[in-house]
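Asker: My questions will all concern the structure given below.
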Amino acid sequence: MTPIEGAGLVALLAVVLYAIFGGADFGGGVWDLLATGPRAREQREAITHAIGPVWEANHVWLIFAVVVLFTCFPIAFADLSVGLFPPLTIALVGIVLRGAAFVFRNYATDEARLSTTLTVVFGVSSLIAPFFLGDAAGSLASGRYAWLSPFALSIGLFGVVLCAQVAAVFLLSEVPSGAVHDDFRRRTIRVTLALWLAGLIPATIALVSEPRLLAAFERPYVLAIVSVAMLAGILVMILAARGANNLTRFAVGLETIAILAAWFAAQAPDIVPGRYTYMDAASPASTIVAFLIAVACGAVFLIPSLVLLFAIFKRPIPAPPPH
Amino acid sequence: MDHVIAARAQMGTSLAFHIVFAALGVGLPLLVFIADGLHLRTRNEAYSKLARSWAKGMAILFAVGAVSGTILSFELGLLWPTFMKYAGAIVGLPFSLEGFAFFIEAIFIGLYLYGRERMSPRAHWLTALPIVISGPVSAGFVTLVNAWMQDPTGFRIDHGRVVDVQPLVAMFSKPWATEVVHTTLAAYVFTGFGVAAVCAYALWRGDRRPQVIAGLRIAMTVALIAIPLQILSGDISARFDAGDEPEKFAAMESRFVTGDHAPLTIGGIVEPDKRRDIGAIEIPLGLSFLVGGTPTTVVKGLDDFARSDWPLVAATHYAFDTMVGCGSTLFVIALAWFAFTVRRKPLPKIAFPILAVTGPLALVALEAGWSVTEFGRQPWIARGVLKTSDAATVAPGTDIAFYGFSLIYILLGAVCWWLLRRIDRHPGIDARLPAGISPAAT
Numbered sequence: 125m126t127p128i129e130g131a132g133l134v135a136l137l138a139v140v141l142y143a144i145f146g147g148a149d150f151g152g153g154v155w156d157l158l159a160t161g162p163r164a165r166e167q168r169e170a171i172t173h174a175i176g177p178v179w180e181a182n183h184v185w186l187i188f189a190v191v192v193l194f195t196c197f198p199i200a201f202a203d204l205s206v207g208l209f210p211p212l213t214i215a216l217v218g219i220v221l222r223g224a225a226f227v228f229r230n231y232a233t234d235e236a237r238l239s240t241t242l243t244v245v246f247g248v249s250s251l252i253a254p255f256f257l258g259d260a261a262g263s264l265a266s267g268r269y270a271w272l273s274p275f276a277l278s279i280g281l282f283g284v285v286l287c288a289q290v291a292a293v294f295l296l297s298e299v300p301s302g303a304v305h306d307d308f309r310r311r312t313i314r315v316t317l318a319l320w321l322a323g324l325i326p327a328t329i330a331l332v333s334e335p336r337l338l339a340a341f342e343r344p345y346v347l348a349i350v351s352v353a354m355l356a357g358i359l360v361m362i363l364a365a366r367g368a369n370n371l372t373r374f375a376v377g378l379e380t381i382a383i384l385a386a387w388f389a390a391q392a393p394d395i396v397p398g399r400y401t402y403m404d405a406a407s408p409a410s411t412i413v414a415f416l417i418a419v420a421c422g423a424v425f426l427i428p429s430l431v432l433l434f435a436i437f438k439r440p441i442p443a444p445p446p447h
Numbered sequence: 002m003d004h005v006i007a008a009r010a011q012m013g014t015s016l017a018f019h020i021v022f023a024a025l026g027v028g029l030p031l032l033v034f035i036a037d038g039l040h041l042r043t044r045n046e047a048y049s050k051l052a053r054s055w056a057k058g059m060a061i062l063f064a065v066g067a068v069s070g071t072i073l074s075f076e077l078g079l080l081w082p083t084f085m086k087y088a089g090a091i092v093g094l095p096f097s098l099e100g101f102a103f104f105i106e107a108i109f110i111g112l113y114l115y116g117r118e119r120m121s122p123r124a125h126w127l128t129a130l131p132i133v134i135s136g137p138v139s140a141g142f143v144t145l146v147n148a149w150m151q152d153p154t155g156f157r158i159d160h161g162r163v164v165d166v167q168p169l170v171a172m173f174s175k176p177w178a179t180e181v182v183h184t185t186l187a188a189y190v191f192t193g194f195g196v197a198a199v200c201a202y203a204l205w206r207g208d209r210r211p212q213v214i215a216g217l218r219i220a221m222t223v224a225l226i227a228i229p230l231q232i233l234s235g236d237i238s239a240r241f242d243a244g245d246e247p248e249k250f251a252a253m254e255s256r257f258v259t260g261d262h263a264p265l266t267i268g269g270i271v272e273p274d275k276r277r278d279i280g281a282i283e284i285p286l287g288l289s290f291l292v293g294g295t296p297t298t299v300v301k302g303l304d305d306f307a308r309s310d311w312p313l314v315a316a317t318h319y320a321f322d323t324m325v326g327c328g329s330t331l332f333v334i335a336l337a338w339f340a341f342t343v344r345r346k347p348l349p350k351i352a353f354p355i356l357a358v359t360g361p362l363a364l365v366a367l368e369a370g371w372s373v374t375e376f377g378r379q380p381w382i383a384r385g386v387l388k389t390s391d392a393a394t395v396a397p398g399t400d401i402a403f404y405g406f407s408l409i410y411i412l413l414g415a416v417c418w419w420l421l422r423r424i425d426r427h428p429g430i431d432a433r434l435p436a437g438i439s440p441a442a443t
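Set out below in structure tokens:
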């Protein structure tokens, strides 16, 4: 593997991890917004409880993705920063407002009006951020930076539904039993069906407006990866219905990886379709090698810390709180 | 609005906002760690209450710091694409390492804030230690990038492409040590005085709870240690500038002519076009003494440089004087506090409003100090290599983005301030969360 390929894989990894962890986080906000029925309050509490300890760590994956891009592929980074200025700026506003609103809400529980406002801000910005990140991805894939094109917008919608699906699955094991659990099991199945529909929209639009992209997706190995994603989606529904919570997580992870890998594979060898290949946009080899070494060293600290974080909060609380 | 102005306005606003939270993100974990540690040692409940109260503040401030930092990581590209196109390959390494340090910080913040009921008090206390360490480490890595912008090194440009990149050489450009030390100490100075000011204000208003008294003592101790070191490091930094970034130094001191027996110029009305500083206080021979220890030390003036390469002279000079003025005042106040405390004398009533003012003074010093670096580097974004005006984005809509983000900062700042003011009245997250949801409780 060449250093550039290594850097490309790290970029894919960062985007995948952000889609899974950050996506679960965004989706949590979407479900918070959609919390309805007699158990709305319990649903919200389950969401707050599930994402509270991990949301800040989850969002570092985005910063990591940005850093990979500007360190290893600065020319592509500069180009898409200009071309995708509007959707990225809007997504950024969403990311900022939701993070702040989420934490502020935790410390404003005794103020009904402010707390309600913050809940709305948290929910709405949780929709805005993944929508415009998806839109940015769609406009990048179109090769035209056409962020208001129907194709880009439909990818934005797809992004929101994907986040909602990942979050529903994530919450299945966070709330291992009871009525709220059943709510999220039903939602997992419904939102997976919705994801299929949401996936058909950009595919249909692409038939009309994105011939280049369509041709790229018709390559056999890309089609194979897309099939994996679709099969994983079916698996999510079956496993969720059977109550295999941890396996459902695995399936939804596989599905997300396959969706993003299909996108990366369809675009390859281009990083910005029609403008730059990975080779054209890459930093000198010395930079990329130094970066990969830094990633390896960083991982030595990062992985045990992450394992500790998720291990501690996956465990039930040992004794009732001493209050 | 001109696109360069819009980009600079947005970047300046973002950094001015973020630096406050970044500095507290470095300093507050140390205060929490000390308070929690004292509780473990002494079993004094006041320390536990203090640590919990500070931890609530840390949660809010860290979140705002994290999101405003995310804005900045995007703005590097959104506002300065041309800069990142060249610099990304060169300074990506410290940014990557910063990413990891920040990751560790975010993970252990989650563990510390939410993990109180899930581990032993000692283990819980130890989860704060990685935050105490990774805070200054991540801030240090970011400062390395700023140092590189003052002295871009470790690469060549060949036919418009960056070649021969030596990432480690670029990471440790000449000013790296002075800048990292000065910036890190600034975070402790600001946090120390900032938190002390909050406690002093509460005491002044009649809140005599033991945790408030303990809070003032811990915060002032940190400030008392940090401020003389900061003044020393400032002196070293200034001397470094006099040698290696003389145009910035000349702007800081508003020196227009080169020569020995240079006086120290304080304040005044700087008129760069007329090459003078009207009404300034001049201390004869002061500058030559400060730079070289003798009156015959030659200090370079701005006349040695092309007018087009001059920094923003007036802004740099005022920011520098403001920083030094605030820093010196803080030092005197800290010494006075120490004089009372070491002799176990009770503080007189007048001490509380004075200590309460140290917070704002430290904030002004922090912002002014950062302004010196940025104004003093102009017109360059990477000194001698790329001009700020050539690095800005050409994307449309930068002015809308500037107004939008400014509004967001005002909102975030206001809600954050309001929540912090009533933080003691809120039960906190660890008291509220698990009921009815956690597996253990069902």
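Residue numbers (the working numbering), protein chains in the order written: chain A, 125 to 447; chain B, 2 to 443. Note that beta-carbon positions come from the ideal geometry of N, C-alpha and C, so glycine has one too. Note that the structure is predicted; figures quoted are calculated from it, not measured.
Tell me, which residues are paired with K86(B) by DSSP?
Answerer: As a working mapping, residue 86(B) is identified with position 85 in the second sequence. Per DSSP, none; premise fails for K86(B).
Asker: Counting only beta-carbon atoms, is L216(A) nearer than 8 Å to chain B?
Answerer: Taking the first residue of the first sequence as 1, we reach residue 216(A) at position 92. It does: the Cβ of L216(A) has a partner Cβ on chain B nearer than 8 Å.
Asker: Give the residues of chain B in contact with A418(A), contact being defined as C-beta atoms less than 8 Å apart.
Answerer: Looking up residue 418(A) in the first sequence gives position 294. Residues of chain B passing the Cβ test: L94, S97, L98 and F101.
Asker: Classify I279(B) as helix, strand or coil using the three-state DSSP reduction.
Answerer: Taking the second sequence and counting its residues from 1, one reaches residue 279(B) at position 278. If DSSP states are grouped into helix, strand and coil, I279(B) belongs with the strands.
Asker: With 9 Å as the limit, tell me which residues of the region 245-263 of chain A have their beta carbon closer than that to any beta carbon of chain B; keep them in chain order.
Answerer: Taking 9 Å as the Cβ-Cβ cut-off against chain B, none of the residues of the region 245-263 of chain A qualify.
Asker: Count the other C-beta atoms from every protein chain shown that fall within 10 angstroms of the C-beta of A443(A), then say buried if there are 16 or more, exposed otherwise.
Answerer: Working through the first sequence from its first residue, we reach residue 443(A) at position 319. Residue placement at A443(A) cannot be trusted, given a pLDDT of 46 that sits under 50; what the coordinates show is reported in the next sentence. The residue is exposed, with fewer than 16 neighbouring Cβ atoms inside 10 Å.
Asker: Which same chain residues end up closer than 7 Å to V65(B) when comparing Cβ atoms and leaving out the 5 residues on each side of it in sequence?
Answerer: The count along the second sequence starts at 1 and reaches residue 65(B) at position 64. Answer for V65(B): F22, L413 and C417, listed in chain order.
Asker: Nearest by alpha-carbon distance to A178(B): which of D152(B), R256(B) and V199(B) is it?
Answerer: Counting from one through the second sequence, the residue named residue 178(B) turns up at place 177. With distances taken between Cα atoms, A178(B) lies closest to D152(B).
Asker: DSSP on A383(B), reduced to helix/strand/coil?
Answerer: One-based indexing of the second sequence puts residue 383(B) at position 382. Residue state, collapsed to three classes: strand.
Asker: If you measure beta-carbon to beta-carbon, which residues of the region 223-238 of chain A are closer than 7 Å to chain B?
Answerer: Correct list: G223, A224, V227, F228, N230, Y231, A232, T233 and D234.
Asker: Is the distance from the Cβ of V140(A) to the Cβ of I395(A) below 8 Å?
Answerer: Stepping through the first sequence from its first residue, residue 140(A) is reached at position 16. Stepping through the first sequence from its first residue, residue 395(A) is reached at position 271. No; because the gap between Cβ atoms is not below 8 Å, this pair is not in contact.
Asker: Less than 8 Å between the beta carbons of G302(B) and A243(B), yes or no?
Answerer: Working through the second sequence from its first residue, we reach residue 302(B) at position 301. Working through the second sequence from its first residue, we reach residue 243(B) at position 242. Their beta carbons are not under 8 Å apart, which means G302(B) does not touch A243(B) by this criterion.
Asker: Looking at chain A, is there any beta carbon in it that lies within less than 8 Å of the beta carbon of V395(B)?
Answerer: Taking the second sequence and counting its residues from 1, the one referred to as residue 395(B) is at position 394. Yes - at least one Cβ of chain A is within 8 Å of the one on V395(B).
Asker: Taking the alpha-carbon of F150(A) as reference, which of L186(A), L137(A) and I362(A) has the nearest alpha-carbon?
Answerer: Along the first sequence, read from residue 1 onward, the residue named residue 150(A) stands at position 26. Considering only alpha carbons, the answer is L186(A).
Asker: Are the region 390-410 of chain B and the region 200-219 of chain A in contact at 8 Å, needing three or more beta carbon pairs?
Answerer: Yes, since at least three Cβ pairs between the region 390-410 of chain B and the region 200-219 of chain A fall closer than 8 Å, the two stretches touch.
Asker: Mind pulling the chain B residues with CB within less than 8 Å of T195(A)?
Answerer: The residue given as residue 195(A) occupies position 71 in the first sequence. What T195(A) touches in chain B: G89, A90, G93, L94, F96 and S97.
Asker: So with CB distances below 8 Å, who are the chain A contacts of Y115(B)?
Answerer: Here residue 115(B) refers to the residue found at position 114 of the second sequence. Those are G176, P177 and F437, listed as they occur along chain A.
Asker: Secondary structure at D391(B), three-state DSSP: helix, strand or coil?
Answerer: Counting from 1 along the second sequence, the entry for residue 391(B) is found at position 390. Helix at D391(B).
Asker: Looking at the strands, I want to know which residues DSSP matches up with D394(A).
Answerer: In the first sequence, residue 394(A) corresponds to position 270, counting from 1. Answer is T401(A).
Asker: Measure the Cβ-Cβ separation of M253(B) and G370(B) and say whether it is below 8 Å.
Answerer: Within the second sequence, numbered from 1, the residue matching residue 253(B) stands at position 252. Within the second sequence, numbered from 1, the residue matching residue 370(B) stands at position 369. Taking 8 Å as the Cβ cut-off, M253(B) and G370(B) do not qualify as a contacting pair.
Asker: Pop quiz: A375(A) and A356(A) are said to be a contact at Cβ under 8 Å. What is the actual Cβ separation, rounded to whole angstroms?
Answerer: Taking the first residue of the first sequence as position 1, residue 375(A) is located at position 251. Taking the first residue of the first sequence as position 1, residue 356(A) is located at position 232. Indeed they touch by this definition, with Cβ atoms about 5 Å apart.
Asker: For a contact meaning CB atoms closer than 8 Å, what does K388(B) contact in chain A?
Answerer: The sequence position of residue 388(B) within the second sequence is 387, counting from 1. Ordered by position in chain A, no residue passes the 8 Å Cβ test against K388(B), which lies about 16 Å from the chain.
Asker: State buried or exposed for V133(B), treating a residue as buried only when at least 16 other CB atoms are found within 10 Å of its CB.
Answerer: Residue numbering aside, residue 133(B) sits at position 132 when the second sequence is read from its first letter. Flag for V133(B) reads buried.
Asker: List in chain order: all unbroken alpha helix (DSSP H) runs of 4+ residues lying wholly within the region 242-277 of chain B.
Answerer: Segments of the alpha helix (DSSP H) lying fully in the region 242-277 of chain B: 247-253.
Asker: Is there a Cβ of chain A sitting closer than 8 Å to that of P137(B), yes or no?
Answerer: On the second sequence, residue 137(B) is found 136 positions in, with the first residue counted as 1. No, its Cβ sits nowhere closer than 8 Å to a Cβ of chain A.
Asker: Can you name the residues that DSSP bridges to D159(B)?
Answerer: The sequence position of residue 159(B) within the second sequence is 158, counting from 1. Looking at the DSSP assignment, D159(B) forms a beta bridge with R162(B).
Asker: Closest to F255(A) by C-alpha separation, out of A181(A), A368(A), I128(A) and L286(A), would be which residue?
Answerer: Counted from its first residue, the first sequence places residue 255(A) at position 131. The shortest Cα separation from F255(A) among A181(A), A368(A), I128(A) and L286(A) belongs to L286(A).
Asker: Quick check: the region 226-239 of chain B against the region 195-202 of chain B, are there 3 or more CB pairs under 8 Å?
Answerer: As far as the Cβ criterion goes, the region 226-239 of chain B does not touch the region 195-202 of chain B, which means the pair count is below three.
Asker: Using a Cβ cut-off of 8 Å, pull out every chain A residue sitting near V143(B), in sequence order please.
Answerer: Walking along the second sequence from the start, residue 143(B) turns up at place 142. Under the 8 Å cutoff, chain A gives no residues; its nearest Cβ is about 12 Å from V143(B).
Asker: From A320(B) to L186(B), what distance separates their C-alpha atoms?
Answerer: As a first step, residue 320(B) must be located in the second sequence, where it is residue number 319. As a first step, residue 186(B) must be located in the second sequence, where it is residue number 185. Rounded to the nearest angstrom, the two C-alpha atoms are 18 Å apart.
Asker: Name the chain A residues that come within less than 7 Å of Q167(B), Cβ to Cβ?
Answerer: Residue mapping note: residue 167(B) aligns to position 166 of the second sequence, counting from 1. S410, listed in chain order.
Asker: Taking Cβ-Cβ distances shorter than 9 Å, what residues in chain B pair up with A303(A)?
Answerer: Residue 303(A) sits at position 179 when you count from the first residue of the first sequence. Correct list: empty, because the minimum Cβ distance to chain B is about 11 Å.
Asker: Between P211(A) and chain B, is there a C-beta pair that is closer than 8 Å?
Answerer: Position 87 of the first sequence, counting from 1, holds the residue named residue 211(A). Chain B contact via Cβ: absent.
Asker: Verify the CB distance criterion: does L112(B) have a CB-CB separation below 8 Å to chain C?
Answerer: You won't find chain C in this structure, because its protein chains are A and B.
Asker: Residues in the same chain with beta-carbon distance under 7 Å from R240(B), minus the five sequence neighbours each way, listed in chain order, please.
Answerer: Translated into positions along the second sequence, residue 240(B) becomes position 239. Counting only Cβ-Cβ distances below 7 Å, and skipping sequence neighbours, we find V292.
Asker: Leaving out five residues before and five after F403(B) in sequence, what residues of the same chain have Cβ atoms less than 6 Å from its Cβ?
Answerer: Here residue 403(B) is taken as the residue at index 402 of the second sequence, counted from 1. If we look at F403(B) and ignore the five residues flanking it on each side, its Cβ neighbours are A7, A10 and Q11.
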